[in-house]
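Accompanying notes for the structure given below.
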Amino acid sequence: MALTSLAAEFQTKLAPHRYRRCRVSLIRVPNVLISEVYVAPQGEGEFARTPSVFVRTTGCNLRCWYCDTPFTSWNPEGQHVSLDDLVNQITAFETEHVVLTGGEPMLPLEISELTHRLRERKHFITIETAGTIYRPVAVDLMSISPKLANSTPSPERSQLWATKHEALRDRPDVIRQLIEHAPRYQFKFVINEPTDLADVESYLSRFPSIDRQRVWLMPQAISQAALAERTAWLEPQAHSAGLRFSSRLHIAQHGNRRGT
Ligand code: SF4
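Be aware that the sequence shown starts at 1, since it is given in my numbering, and climbs by one per residue.
In structure tokens form, the structure reads like this:
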């Protein structure tokens, strides 16, 4: 079989979602695997309470044991949406702030093109990332949530992912690139136990240029009860350490519900 025929067979049979047949040739339609797009107030960090379009990509290179969006990581689900359709869908909400989140939104190559198209339409773009992948993106706020040792899944749950997660979660080279190329950044650390604060300090000591007022500590919580319990001890500890505290307003209001 000629190479061109083989390529066509691959494109149509094995990766049909990424290609569309036209009259003269097969053309690649840029698309991203999306789990949900919705409007809600931002629940965390500097722009908390700001109405935002959330674009949640599916797929993650990590597997935090506490992941609050397992439908993008442990049990991924979603639909391939072309960039044209996605940008039109986002713009139709007539909302300035757009939050690209996941999963890991820096995973798909197409994220760069998506951000540049949103920039052309004058959106304020936040990217919420675990900080393990760098891509040249148009961004206004790089929101980085590095995963500490407290995030690694147990080998009993998955030996493969315990090993992979531990190998991938800490990328200081990527963190430096993300900060360098973003006009504005924030760090959000997920705190499970009071002893996690020592890990945050140890992490920050490797990046002396990070402004501590750009660092938020957030309770690990997927229920309102857990959020309240951890907020009680974490909020004062964050302030006495000269760091910021962020609640998770969507959890406080709705519990861990999709589309909020
Ligand atoms: S990095 Fe985020 S999306 Fe990925 S497993 Fe961890 S919490 Fe879930």
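Quick reminder that beta carbons are idealized off the backbone N, C-alpha and C, glycines included.
Look at the alpha carbon of F124 and the alpha carbon of A198, and state the distance between them as a whole number of angstroms. If you number the sequence shown from 1, residue 124 lands on position 124. If you number the sequence shown from 1, residue 198 lands on position 198. So the alpha carbons of these two residues sit roughly 34 Å apart.
Spatially closest choice to L114 from T95, I133 and T91, by CA coordinates: Taking the sequence shown and counting its residues from 1, the one referred to as residue 114 is at position 114. Considering only alpha carbons, the answer is T91.
Inter-residue spacing [alpha-carbon to alpha-carbon] between A225 and R28: Counted from its first residue, the sequence shown places residue 225 at position 225. Counted from its first residue, the sequence shown places residue 28 at position 28. Taking the straight line joining both Cα atoms gives about 47 Å.
Measuring CB atoms only, is the stretch 142-155 touching the stretch 107-121, in the sense that at least three cross pairs come out at less than 8 Å? no
Name the residue from H181, V174 and I191 whose alpha carbon lies nearest to the alpha carbon of V137. If you number the sequence shown from 1, residue 137 lands on position 137. V137 has its Cα closest to that of H181, out of H181, V174 and I191.
Measure from the alpha carbon of T58 to the alpha carbon of each residue in A40, S52 and H80, then state which is nearest. For this step, residue 58 is matched to residue 58 along the sequence shown. With distances taken between Cα atoms, T58 lies closest to H80.
My assumption, with CB atoms under 8 Å, is that G43 sits in contact with R230. Please give the rounded CB distance. Here the question's residue 43 lines up with position 43 in the sequence shown. Here the question's residue 230 lines up with position 230 in the sequence shown. The pair is not a contact, with the Cβ atoms about 15 Å apart (cut-off 8 Å).
Would you please state the rounded distance, in angstroms, between the beta carbons of I210 and F245? I believe it to be under 8 Å. On the sequence shown, position 210 is the one that residue 210 refers to. On the sequence shown, position 245 is the one that residue 245 refers to. Rounded, the Cβ-Cβ distance is 17 Å, inconsistent with contact.
DSSP puts P51 in a beta bridge; with which residues? By one-based count along the sequence shown, residue 51 stands at place 51. Its beta-bridge partners are P41.
For chain D, check one thing: does any of its Cβ atoms lie closer than 8 Å to the Cβ of L107? Within the model displayed, chain D is absent; a lone protein chain is all it includes.
Quick one: is the Cβ of S73 within less than 7 Å of any heavy atom of the ligand SF4? The sequence position of residue 73 within the sequence shown is 73, counting from 1. Yes.
At what residues does the beta strand (DSSP E) containing V215 begin and finish? The residue given as residue 215 occupies position 215 in the sequence shown. Note, V215: beta strand (DSSP E), V215 to P219.
Member of D170, W233, I222 and P219 whose CA lies at the smallest distance from the CA of L204: Within the sequence shown, numbered from 1, the residue matching residue 204 stands at position 204. Looking at the Cα atoms, D170 is the closest of the given residues.
Heavy atom of the ligand SF4 within 7 Å of L100 beta-carbon: Walking along the sequence shown from the start, residue 100 turns up at place 100. Outside the cutoff, so no.
Please name the residue in V32, P76 and R135 whose C-alpha comes closest to that of S55. The residue given as residue 55 occupies position 55 in the sequence shown. The residue asked about is misnamed: residue 55 is Val in this sequence, not Ser. When only C-alpha atoms are compared, the closest one is V32.
According to DSSP, simplified to helix, strand and coil, what is F71? By 1-based counting over the sequence shown, the position of residue 71 is 71. Helix, per DSSP.
I believe N192 touches I222 by the beta-carbon criterion, under 8 Å. Please report the beta-carbon distance rounded to the nearest angstrom. Position 192 of the sequence shown holds residue 192. Position 222 of the sequence shown holds residue 222. Incorrect: roughly 12 Å between the Cβ atoms, too far for contact.
From the DSSP output, read off the bridge partner residues of T126. As a working note, residue 126 is residue 126 in the sequence shown. DSSP output for T126 lists V99 and L141 as bridge partner(s).
Going by DSSP in three states, V200 sits in which element: helix, strand or coil? By one-based count along the sequence shown, residue 200 stands at place 200. If DSSP states are grouped into helix, strand and coil, V200 belongs with the helices.
Taking the straight line between their C-alpha atoms, what separation do you get for P219 and F71? Position 219 of the sequence shown, counted from the start, is the residue given in the question as residue 219. Position 71 of the sequence shown, counted from the start, is the residue given in the question as residue 71. Cα to Cα, the separation comes out at about 21 Å.
Using DSSP's beta-bridge definition, name the partner residues of R63. Along the sequence shown, read from residue 1 onward, the residue named residue 63 stands at position 63. The partner list for R63 (beta bridge, DSSP) is empty, contrary to what the question assumes.
Would you say the beta carbon of T152 is closer than 7 Å to some non-hydrogen atom of the ligand SF4? Walking along the sequence shown from the start, residue 152 turns up at place 152. Not under cutoff, so the answer is no.
Beta-carbon within less than 8 Å of H165's beta-carbon, same chain only, minus the 5 sequence neighbours each way: which residues are those? Counting from one through the sequence shown, the residue named residue 165 turns up at place 165. Counting only Cβ-Cβ distances below 8 Å, and skipping sequence neighbours, we find L62, R63, C64, K147, S151, T152 and P153.
Between S112 and E77, is the Cβ-Cβ spacing less than 8 Å? Here the question's residue 112 lines up with position 112 in the sequence shown. Here the question's residue 77 lines up with position 77 in the sequence shown. Cβ distance not < 8 Å, so S112 and E77 don't count as in contact.
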